[in-house]
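Each residue of the sequence shown is one higher than the one before, starting from 0 at the first, in numbering that gives the first Met the number 0.
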Amino acid sequence: MDRRDCRDCEILRDFYWLKVNRFLLTLRSFSLSHVGGSGTDRDSQISNAKEEALRALCALVSHLKACYSLERERAA
0 MDRRDCRDCE
10 ILRDFYWLKV
20 NRFLLTLRSF
30 SLSHVGGSGT
40 DRDSQISNAK
50 EEALRALCAL
60 VSHLKACYSL
70 ERERAA
């Protein structure tokens, strides 16, 4: 399969952007509402959304390295 047609790349990229958008919406929802709950609750939700986006990014980068054979080139 040609790497331009890799479904995993597309799915992981879309999943990453969904998580980034969730993180941004979480940030925005707390910045727009003055009654956003307690500070620790707000910080916890923001932190969780950020961690999910970072995990999605790590999964995407890991797959891209394998898909584009970057790990093998580096070892050679």
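Here a beta-carbon is modelled for each residue, glycine too, at the ideal position from N, C-alpha and C. Model, not experiment: these values are computed from the prediction.
Legend entry - DSSP state of D4 mapped onto helix, strand, coil: helix
Inset, instruction - Would you check if the distance between the CB atom of C66 and the CB atom of C5 is smaller than 8 Å? - result: yes
Inset, instruction - Look up Y15 in the DSSP assignment and say whether it is helix, strand or coil. - result: In this structure, DSSP gives Y15 a helical state, which the three-state scheme calls helix.
Inset, instruction - Going by CA-CA distance only, name the one from L26, L31, L11 that's closest to S104. - result: Given a span of 0 to 75 for the chain in the structure shown, any question on residue 104 remains unanswerable.
Inset, instruction - State the DSSP-derived secondary structure class of A75, mapped to helix, strand or coil. - result: With a pLDDT of 49 at A75, under the threshold of 50, the modelled position of that residue is not reliable, and the figure given next carries that caveat. Correct three-state label for A75: coil.
Legend entry - Close-in-space but distant-in-sequence residues of the same chain around R21 (CB under 8 Å, 5 per side omitted): A48, E51, A52
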